[in-house]
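At position 213 of the sequence shown (counting the first as 1) the number is 382 in my numbering, and the numbers step up by one without a gap. Using N, Cα and C, we set each Cβ at its ideal position, and we do this for glycine too. Remember, predicted model here, so these are calculated numbers, not experimental data. Remarks on the structure that follows.
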Amino acid sequence: SCHLTSFLADSQVRAFRHTATLAAMKLMTVLVEVALGLSQRRDNTRRLYEAERGKSPPRRAPGKLEVLQETLRELQEQQEEIEAVMNAIFKGVFVHRYRDVVPDVRALCMEELGTWMCSFPASFLTDGHLKYLGWTLHDKQGEVRLRCVRALQGLYARRDTAAHMELFTGRFKARLVSMVQDKDPVVAVEVVKLLTVITVAEALTEADCHRVYPAVFCSRRPLATAAGLFLYRSLLSPRHEGDTEPSPGSGDNRTFFRLLLTFFIESEVTPWGHPGDSLGAPRDTQGHPGDT
Numbered sequence: 170s171c172h173l174t175s176f177l178a179d180s181q182v183r184a185f186r187h188t189a190t191l192a193a194m195k196l197m198t199v200l201v202e203v204a205l206g207l208s209q210r211r212d213n214t215r216r217l218y219e220a221e222r223g224k225s226p227p228r229r230a231p232g233k234l235e236v237l238q239e240t241l242r243e244l245q246e247q248q249e250e251i252e253a254v255m256n257a258i259f260k261g262v263f264v265h266r267y268r269d270v271v272p273d274v275r276a277l278c279m280e281e282l283g284t285w286m287c288s289f290p291a292s293f294l295t296d297g298h299l300k301y302l303g304w305t306l307h308d309k310q311g312e313v314r315l316r317c318v319r320a321l322q323g324l325y326a327r328r329d330t331a332a333h334m335e336l337f338t339g340r341f342k343a344r345l346v347s348m349v350q351d352k353d354p355v356v357a358v359e360v361v362k363l364l365t366v367i368t369v370a371e372a373l374t375e376a377d378c379h380r381v382y383p384a385v386f387c388s389r390r391p392l393a394t395a396a397g398l399f400l401y402r403s404l405l406s407p408r409h410e411g412d413t414e415p416s417p418g419s420g421d422n423r424t425f426f427r428l429l430l431t432f433f434i435e436s437e438v439t440p441w442g443h444p445g446d447s448l449g450a451p452r453d454t455q456g457h458p459g460d461t
């Protein structure tokens, strides 16, 4: 069935190609879950085997070592079979379809790739797989770029996966920062949200942050609001506070407002938007934003 799916995924008929790619990507997602379960069982069995082998011969349960060894062998064989099928789908379908002429097909590939990376990072959170997300950040269709950004949000939001993103960040950070000005307003907002997560992890430089800050002046409220949160998180980061991060709920935000005031004084951007609103400033008593 994998060969048939791969064959149809290369069809000149778009409907066949889209359906076959969808089937292949969803099958891959199921296989990833199976592979993860096998990997966990194998690790648990190996620990039991090592614990049993570490006992002196008189204390070992009769035949237990042999049973565990046989179980390990079977799990290893099953793992190799699953990985062979996964590799065939990835190379036979994904590698060709992630750059398909149909945007929906490309978007589907990016969304599922992000799922695989979050589900089974040991196998998929590698530079060899991450590069596809990085390359597709340049896709001409906003929906495809959006799927990439949301996949990255999931990876950077988790401490265990974010720890493996250093090389990717160094390679594609400039592209992400430039996407704050993306022509698709939804993509721009989601990119700022992604950069907010990244800056909390201290992965952005001062220069990077200063390329994002002007978005607080944007006339589009969702982008200005997202940029306001980015500004807040960035100015309260340890690099501005020695080595300690103050608690936003402590009631003492004097340092933040000092830095915020400095930012607005030094900013050379014309404030055509409502920077106060972007930072959650209250409206007037009539419920209307202040006039400019």
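Going by other Cβ atoms of all chains shown within 10 Å of its Cβ, with 16 needed for buried, is residue i buried or exposed?
i      : result
Glu249 : exposed
Leu336 : exposed
Thr394 : buried
Gly442 : Low local confidence applies: a pLDDT of 48 at Gly442 is under 50, so the model's placement there is unreliable, with the coordinate-based value given in what follows. Looking at its Cβ environment, which holds 16 or more other Cβ atoms inside 10 Å, Gly442 is buried.
Val356 : buried
Val262 : buried
Arg222 : exposed
Ala320 : buried
Thr368 : buried
Asp412 : Residue placement at Asp412 is flagged as unreliable, the pLDDT there being 42, under the threshold of 50; a coordinate-derived value is accordingly withheld.
Asp351 : buried
Asp212 : exposed
Val358 : buried
Pick out whichever of the options has its Cα sitting closest to the Cα of residue i.
i      : options                        : result
Glu281 : Ala193, Gln238, Glu359         : Ala193
Arg328 : Cys317, Cys287, Leu302         : Cys287
His379 : Leu191, Pro391, Gly397         : Gly397
Trp304 : Tyr218, Phe289, Arg275, Val236 : Arg275
His298 : Thr188, Arg389, Thr284         : Thr284
Ala384 : Phe399, Glu375, Ala372         : Phe399
Leu404 : Leu237, Ser388, Val381         : Val381
Thr491 : Ala370, Val203, Ala220, Ala178 : The requested residue 491 does not occur in the structure, where the chain is confined to residues 170 to 461.
Leu363 : Gly232, Phe386, Met334         : Met334
Tyr218 : Glu239, Glu312, Val203         : Glu239
Gln209 : Leu324, Ala291, Lys300, Arg344 : Ala291
Ile251 : Thr214, Met197, Pro227         : Met197
Phe341 : Gln310, Ala332, Leu306, Val358 : Leu306
Phe293 : Arg186, Thr214, Phe259, Asp269 : Phe259
So residue i packs on residue j, CB below 8 Å; how close in whole Å?
i      : j      : result
Val360 : Val318 : 6 Å
Ala189 : Leu177 : 4 Å
Thr374 : Arg402 : About 15 Å; that fails the 8 Å criterion.
Tyr301 : Tyr267 : 6 Å
Phe289 : Val201 : 5 Å
Arg314 : Pro354 : That pair is no contact at about 12 Å.
DSSP on residue i, reduced to helix/strand/coil?
i      : result
Asp329 : helix
Tyr382 : helix
His158 : As displayed, the chain neither begins before 170 nor continues past 461, which places residue 158 out of reach and without an answer.
Arg316 : helix
Thr190 : helix
Gln247 : helix
Met197 : helix
Glu371 : coil
Lys388 : Looking at the sequence shown, residue 388 is not Lys but Ser. Three-state DSSP puts Ser388 in coil, outside helix and strand.
Thr295 : coil
Pro272 : helix
Met286 : helix
Gln310 : coil
Could you tell me whether any Cβ in chain C is nearer than 8 Å to the Cβ of residue i?
i      : result
Lys362 : As a matter of chain content, chain C is missing from the structure shown, which is built from one protein chain.
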